[in-house]
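Structure record follows, encoded as structure tokens.
Number of protein chains: 2
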Amino acid sequence: MFLGTHEHTIDEKGRLAIPARFRAELAGGMVVTRGFDRCLLIFPLPFWSDLTRRVSALSLTDEDARMLRRLLFANASEQEMDRQGRILLPQSLREGGGLADQAVLVGLDTFIEVWAPDRWREVEERLASQGPRFDEQMRKLGI
Amino acid sequence: MFLGTHEHTIDEKGRLAIPARFRAELAGGMVVTRGFDRCLLIFPLPFWSDLTRRVSALSLTDEDARMLRRLLFANASEQEMDRQGRILLPQSLREGGGLADQAVLVGLDTFIEVWAPDRWREVEERLASQGPRFDEQMRKLGI
DNA sequence: CGGCAGGTGGGGAAAAGTGGGGGAAAGTGG
DNA sequence: CCACTTTCCCCCACTTTTCCCCACCTGCCG
Chain A
1 MFLGTHEHTI DEKGRLAIPA RFRAELAGGM VVTRGFDRCL LIFPLPFWSD LTRRVSALSL
61 TDEDARMLRR LLFANASEQE MDRQGRILLP QSLREGGGLA DQAVLVGLDT FIEVWAPDRW
121 REVEERLASQ GPRFDEQMRK LGI
Chain B
1001 MFLGTHEHTI DEKGRLAIPA RFRAELAGGM VVTRGFDRCL LIFPLPFWSD LTRRVSALSL
1061 TDEDARMLRR LLFANASEQE MDRQGRILLP QSLREGGGLA DQAVLVGLDT FIEVWAPDRW
1121 REVEERLASQ GPRFDEQMRK LGI
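Quick mapping for you: the protein sequence lines, in order, are chains A and B.
Just so we're aligned, residue 1 is where the first sequence starts under our numbering, counting upward by one.
Just so we're aligned, residue 1001 is where the second sequence starts under our numbering, counting upward by one.
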């Protein structure tokens, strides 16, 4: 269960520390890839396998499915933590996420999003102002 | 079953004592997150799991679902009590709830709300003066 | 009036985060 | 094919923060 936001530095070698609370769940390996809103996604390996199975089952002729495949797979990178609990973010991914020397890791229960700090703050503001919009959606889910 | 209001100090390290009566039900762990109306919510772990299962099952490609996920999980924090029955309130949550050095814990049967004392008193006043307003709503619920 | 339970504060050990150096592997040019 | 350069990555060490535990205080109950 990944929860909470954690801000960490990306050092000169492109390494990103995984918050200690997230490490156990990623010990079996992880995949880092691009997400949908110019952020990066970190999936535990089991979650990733499940995701790829579903995406690969999509039609080859559907334009959206092709784009989704490219987004997910083209820049994906399997990573393991070093003994200090860090992973290496390949340059293509750092560029894809607009990341420089700081990153915000956001735990979303089953996976993690990685944001450039200023872009994450924008998302937070949108959440604060649009919070009421989600009332209906949550009611649908029975929450 | 959480009942009653309890006022406690938040010490300099951001720790909040859980009322002794509430502890047994939270022994298996809890999740603290932001609620509505600028208060915090404390859920026993089983209650929380039930709440989140449906959200985590939502699509990754749906924009609204992504924002809902962020709203719920980004400011949540899993906590356990120390041997004195206290939990640590992360700074982001203290800010989110407008909490300084005092907090009011309000038991609401299945979960707990945490309020800044002055804001809680406002709620109490509104309850006292607007009590009759709830008649219609309660009739809807068959109470 | 004494004991006990709940609440509060502070000190110390342990872990988390961060930076840097050295060695191996891969890539490039002669 | 060899040598040089560059990149990658593993490990060590320092600093800061976290969190765990001990001890005190206060109020209630016997």
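For each residue, glycine too, the CB sits at the ideal point set by N, CA and C.
Backbone secondary structure at residue i - three-state DSSP
i: A/P44; result: strand
i: B/G1096; result: helix
i: B/Q1130; result: helix
i: A/E12; result: coil
i: B/M1030; result: strand
i: B/S1049; result: helix
i: A/S56; result: helix
i: A/D145; result: As shown, chain A starts at 1 and ends at 143. That puts residue 145 of chain A outside it, with no answer to give.
i: A/E25; result: helix
i: B/L1068; result: helix
i: A/L108; result: strand
i: A/R38; result: coil
i: A/E136; result: helix
i: A/A74; result: coil
i: B/R1086; result: strand
i: A/A20; result: helix
Within-7 Å CB hit, residue i to chain B
i: A/F43; result: no
i: A/G4; result: yes
i: A/F134; result: yes
i: A/Q91; result: no
i: A/D109; result: yes
i: A/V106; result: yes
i: A/L40; result: no
i: A/Q84; result: no
i: A/L127; result: yes
Status (buried if at least 16 other CB within 10 Å, exposed otherwise) for residue i
i: B/S1077; result: buried
i: B/F1073; result: buried
i: A/E113; result: buried
i: B/Q1130; result: exposed
i: B/T1033; result: buried
i: B/F1036; result: exposed
i: B/R1021; result: exposed
i: B/R1070; result: buried
i: B/G1098; result: exposed
i: A/A27; result: exposed
i: A/Q84; result: exposed
i: A/G145; result: Here chain A covers residues 1 to 143 and nothing more, so residue 145 of chain A does not appear.
i: B/Q1137; result: exposed
i: B/L1141; result: exposed
i: B/L1041; result: buried
i: A/L60; result: exposed
CA-to-CA distance, residue j to residue i, given in whole angstroms
i: B/L1058; j: A/I18; result: 25 Å
i: B/R1094; j: A/D62; result: 47 Å
i: A/P90; j: A/G14; result: 7 Å
i: B/R1066; j: A/E124; result: 13 Å
i: A/V31; j: A/W120; result: 21 Å
i: A/F111; j: B/E1122; result: 39 Å
i: A/G139; j: B/R1139; result: The amino acid occupying residue 139 of chain A in the given sequence is Arg; Gly does not appear at that position. Spanning the two alpha carbons is a distance of roughly 20 Å.
i: A/A116; j: A/A100; result: 7 Å
i: B/F1043; j: B/R1023; result: 12 Å
i: A/P181; j: B/T1052; result: What the structure shows of chain A is the stretch from 1 to 143, and residue 181 of chain A is not part of that stretch, so it cannot be assessed.
i: B/R1038; j: B/R1126; result: 16 Å
i: B/D1109; j: B/W1048; result: 14 Å
i: A/V55; j: B/L1068; result: 23 Å
i: B/D1011; j: A/A128; result: 28 Å
i: A/M1; j: A/D64; result: 30 Å
i: A/M81; j: B/S1092; result: 27 Å
i: A/N75; j: A/L16; result: 17 Å
i: A/D144; j: B/D1118; result: As shown, chain A starts at 1 and ends at 143. That puts residue 144 of chain A outside it, with no answer to give.
Any C-beta of chain A under 7 Å from that of residue i
i: B/T1052; result: yes
i: B/E1095; result: no
i: B/A1103; result: no
i: B/L1078; result: Per the sequence shown, residue 1078 of chain B should be read as Glu rather than Leu. Yes, because at least one Cβ of chain A sits closer than 7 Å to the Cβ of B/E1078.
i: B/S1059; result: no
i: B/R1015; result: no
i: B/R1069; result: yes
i: B/A1027; result: no
i: B/F1047; result: no
Q: Check whether the region 95 to 105 of chain A touches the region 5 to 14 of chain A, taking contact to mean three or more Cβ pairs, one atom from each stretch, closer than 8 Å.
A: yes
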